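The listed protein sequences correspond, in order, to chains A and B. Each residue of the first sequence is one higher than the last, beginning at 3 in our numbering. Each residue of the second sequence is one higher than the last, beginning at 116 in our numbering. Contents: one structure, followed by commentary.
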Amino acid sequence: MTELSLRLAVSFAQILAEMSIVMITVATMTYFERKVLGWMQDRMGPMEVGPYGLLQPVADGIKLFFKEDIVPAGANKAMFALAPMLTMVVSMIGFAVIPFGPNMTWDIFGMRIKPFVVADINIGILYILAIASIGAYGIILGGWASNSKYSLLGGLRAAAQVISYELNVGLAIVGVLLLAGTLSLVEITEAQSGGFWHWFIWGGRPDGFFPIHTQIFAFVVFIISAVAETNRIPFDLPEAESELVAGFFTEYSGMRFAFFVSAEYANMTLVSCVAAALFLGGWNAPYPGTILEYAGLEQLAWVEHIVWFAAKVYFFLFLFIWIRATLPRLRYDQLMRFGWKVMLPIALANIIITSITLYFFPRV
Amino acid sequence: MEQVFFFYFAFVIAAAAVLVVVVRKPIYSALALLVMFFHVAGLYVTLHAEFLAAVQIIVYAGAILVLYLFVVMLLNLRQDDRYHRQWPTAAAVGMTLAIEAVILTVMKGWTAPVVATGTETTVGGISNTGAIGDVLYSTYLFPFEVASLILLVAMIGAIVLAKKDVGEREA
C-alpha cells in the first residue's frame, strides 16, 4: 500500500507541476496577446501596471477575483455554475497525455516515472479528441443556462461549429497516425526524431528518402480547424461581439467569466501542444540529436528538448494572435460551408493519398 | 480494487440511466445520459478496452448527445405534450425486461461461471487498438461492411430529407 500511496504522491506532484505550467502559460498569454495585438496595430498595449505592463495579468486576476458574482434572473443556477467549471476542467485535463520532454525515465524511491508526461497512455491522441469533444458542453450549457437570447444563440453556434470542425481535426490527424502506427503521443513524437525533414509535416523517411509522405495539407487543415475549435477569430462566431454582445458568456462576470477566458487560452495551448507533437516533431530539435549531447552533457539533453517543445508551442500561440490581428470574422454560413466543403474533402483526400503512398513506399 | 471500481461504475450507470427517464426537465435527462456514457467508458477501461472507451466518449458524448442537447434547447418542450400515451408500451417493455432479469438471476445460480477463452492470450502481444483493427478487417469484415452500408443509406436519406425544400423552391 505504501507503494501505491507513493505513486499517488508522485502523480499529484506531476499534475501540480503541469497545472502550474499551464496556468502560467495562460496568464502569460493574456499579456502576450494584448501586447502583440498592440504592436501589430501600432500601439503600446498594456503599459501602466509594472514595467511594460508586465504585472497586468496579476492585476486582471485580482480584479476578476473581487468582482461581484452576478447570476441573472431566470437563469438555471445549477447549470449556470456548472458550465464554467466544466469548461475549465475539460481544458486542463487534456494536458495529461502531452509529452513536454523526451521519453526518459527517472528512478525515484525505487520507482520508474516518466518526468515529462503525466500519463503515457496508449490511446493518447484519442483521449485528447474525447476531451475536446466534451468541451462543447460547457459552452452549450453556459449559453442555455444564462436565460439570454444572445447566450443561447452563442451556445448553439458553438455546438454546431465544434462538431463540424472536430471532424476535420480527427480526419487531419489520421495521416499522422498512419505514418506513426500508434496512438500514443510519446511514440508519435519519437517516430519523428532525426531532424527537420523527419517531422511529419514533411514526412521524410528514416533512410532519407524524398518526403513523399508529407502531411502538410493535413497540417494546414488541422491548424485552421484548431482555430475554429477554440472559437478564435476569424471563427469566433459563438462570441461575435458585433452580433451577440459576447456570445455564450455574455451573462457571466467575475471568476466565472475568468474561467471561460482562461479555458479558451488553455485550449489554445493544448491544441498548440498537439500540433507541435503531431506535425512538428514535439520535443525533437530540427537537427539530429541535441547540441548538449555533442558537448558531452547527455544528462542535460532534456533541457534542450523542452526548450524546443516550448518554442514550437509558443510559435503556434503567436500564430493564433497573428491570425486574430490579420483576418476579419467569417459569416456563419461561410464558416459552415468552409468546414464541410473545403476542409473535409482535403482531409479525406489526404488520408487516401497517404495510405496509397504508404502502401507503395512503406516506412520500415 | 477492481471489484470496487466495477461496482462504482455499475451503480452509477444504473442510477444515471434511471435518472434519464425519471427527471422532468429534458436537459437534466441529457446530462444524466452524459454521466452514464462516461461511466460506461470507465467500465471499458477496467476491461482494458481503452480504444473502445475513447470512442465511446467521442461518438456518444461528443457528437450524438450534443445533437440531443441541440434539439432539447431549440424545441423547448412544453410540459403537457411530453408523454404521448407511452404507458402501455412502457409497461410491456418493462415487464419483459423485469421477467428477463429475474430469469437471468435465477439461472446464474445453476450455470458454471464463464471461463475466459483464448482471446485474451492472443491479444497479448499487440495493442488493444491494433487487435480491434485486426479482428474488424478479417473475422468481422462482412458485418463491418454491412454496418458501413447502413450508415451510408442513412446519410443519403438525411441529405434527401434535408434538401427537399431546396429542390422545391428551385423548381
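Each residue gets a CB set at the ideal place from its N, CA and C atoms; glycine is no exception. These figures come from a predicted structure and were not determined experimentally.
Bounding residues of the alpha helix (DSSP H) (the contiguous stretch that carries residue i)
i, result
"R331 (chain A)", "Element bounds for R331 (chain A): n/a, residue is neither H nor E."
"D62 (chain A)", "58-68"
"I390 (chain A)", "For chain A, the structure presents residues 3 to 366; residue 390 (chain A) sits outside this window and is missing."
"D71 (chain A)", "Careful: D71 (chain A) lies outside any alpha helix (DSSP H) and carries neither H nor E."
"A277 (chain A)", "256-281"
"G196 (chain A)", "Run containing G196 (chain A): none; DSSP gives neither H nor E here."
"V137 (chain B)", "117-137"
"N170 (chain A)", "151-182"
"L180 (chain B)", "180-190"
"W285 (chain A)", "It is not in any alpha helix (DSSP H) - W285 (chain A) carries neither H nor E in the DSSP assignment."
"L6 (chain A)", "4-42"
"T89 (chain A)", "79-95"
"W204 (chain A)", "Counting along the chain, W204 (chain A) falls outside any alpha helix (DSSP H), and DSSP gives it neither H nor E."
"L299 (chain A)", "Run containing L299 (chain A): none; DSSP gives neither H nor E here."
"P364 (chain A)", "Note, P364 (chain A): premise wrong, no alpha helix (DSSP H); not H, not E."
"I136 (chain A)", "126-147"
C-beta atoms of residue i and residue j nearer than 8 Å
i, j, result
"F250 (chain A)", "G145 (chain A)", "yes"
"P53 (chain A)", "K37 (chain A)", "no"
"A132 (chain A)", "V223 (chain A)", "no"
"V92 (chain A)", "G140 (chain A)", "yes"
"F219 (chain A)", "M270 (chain A)", "no"
"R159 (chain A)", "Y334 (chain A)", "yes"
"F318 (chain A)", "W285 (chain A)", "no"
"I443 (chain A)", "L185 (chain A)", "In the structure as shown, chain A begins at 3 and stops at 366. Residue 443 (chain A) is therefore absent and cannot be evaluated."
"P258 (chain B)", "V187 (chain B)", "no"
"I165 (chain A)", "A178 (chain B)", "yes"
"E231 (chain A)", "A77 (chain A)", "no"
"A29 (chain A)", "M81 (chain A)", "no"
"P288 (chain A)", "G196 (chain A)", "no"
"L246 (chain A)", "L155 (chain A)", "yes"
"A268 (chain A)", "V60 (chain A)", "no"
"F166 (chain B)", "I125 (chain A)", "yes"
"L299 (chain A)", "L239 (chain A)", "no"
"F111 (chain A)", "L179 (chain A)", "no"
"L10 (chain A)", "V99 (chain A)", "no"
"S227 (chain A)", "Y129 (chain A)", "no"
"Q135 (chain A)", "I172 (chain B)", "The sequence shown places Ser at residue 135 (chain A), not Gln. For S135 (chain A) and I172 (chain B), yes; Cβs fall inside 8 Å."
"L39 (chain A)", "A85 (chain A)", "no"
"G256 (chain A)", "L66 (chain A)", "yes"
"F102 (chain A)", "L272 (chain A)", "no"
6 Å Cβ shell around residue i - same chain, five flanking residues per side excluded
i, result
"E70 (chain A)", "none"
"V176 (chain A)", "I353"
"A147 (chain B)", "A131, L134, V135"
"Y296 (chain A)", "none"
"G137 (chain A)", "V92"
"G239 (chain B)", "Its pLDDT being 49, under 50, G239 (chain B) is placed unreliably in this model, and the value from its coordinates should be taken loosely. Cβ neighbours of G239 (chain B) beyond the five flanking positions: none."
Residues near residue i by beta carbon distance below 8 Å, same chain, minus five either side
i, result
"L181 (chain A)", "A193, F202, G205, H215, Q217, T356, L360, R365"
"R234 (chain A)", "E266, M270, F322, I325, R326"
"P104 (chain A)", "F118, W285, A303, W304, H307"
"A169 (chain B)", "A156"
Residue i - containing beta strand (DSSP E), residue span
i, result
"W108 (chain A)", "108-110"
"R114 (chain A)", "113-115"
Buried or exposed by the 16-neighbour rule on C-beta atoms within 10 Å, applied to residue i
i, result
"F126 (chain B)", "exposed"
"T107 (chain A)", "exposed"
"I271 (chain B)", "exposed"
"E117 (chain B)", "exposed"
"H200 (chain A)", "buried"
"S150 (chain A)", "buried"
"F153 (chain B)", "buried"
"A15 (chain A)", "exposed"
"V275 (chain B)", "exposed"
"G157 (chain A)", "buried"
"S274 (chain A)", "buried"
"Y255 (chain B)", "exposed"
"V276 (chain A)", "buried"
"R339 (chain A)", "exposed"
Contacting residues, own chain, Cβ-Cβ under 7 Å from residue i (five flanking each side not counted)
i, result
"E235 (chain B)", "Unreliable positioning characterises E235 (chain B) in this predicted model, as indicated by a pLDDT of 47, which lies under 50. A coordinate reading is not provided."
"I265 (chain B)", "none"
"T32 (chain A)", "P59, D62, Y267"
"T244 (chain B)", "F166"
"M345 (chain A)", "N170, V223, I226, S227"
beta-carbon residue i near the ligand NAP non-hydrogen atom, thresh 7 Å
i, result
"P240 (chain A)", "The ligand content of the structure shown is nil, which means the ligand NAP is not present either."
Item to check | Given 8 Å, three or more beta-carbon pairs between the segment 216-225 of chain B and the segment 176-190 of chain B | outcome: Touching, no, given that fewer than three Cβ pairs across the two stretches are closer than 8 Å.
Checklist entry - Are the segment 106-124 of chain A and the segment 12-23 of chain A touching, with three or more C-beta to C-beta distances below 8 Å? => result Yes: the two stretches touch, three or more of their Cβ pairs being nearer than 8 Å.
Next on the checklist: Quick test of the definition: if touching needs 3 or more C-beta pairs under 8 Å, does the segment 261-268 of chain A touch the segment 164-176 of chain A?
Outcome noted: Verdict: no, contact absent.
Checklist entry - Quick check: the segment 120-135 of chain B against the segment 154-162 of chain B, are there 3 or more CB pairs under 8 Å? => result The segment 120-135 of chain B is in contact with the segment 154-162 of chain B.
Checklist entry - Contact between the segment 183-199 of chain A and the segment 274-290 of chain A: three or more CB pairs below 8 Å? => result Enough Cβ pairs lie closer than 8 Å, so yes.
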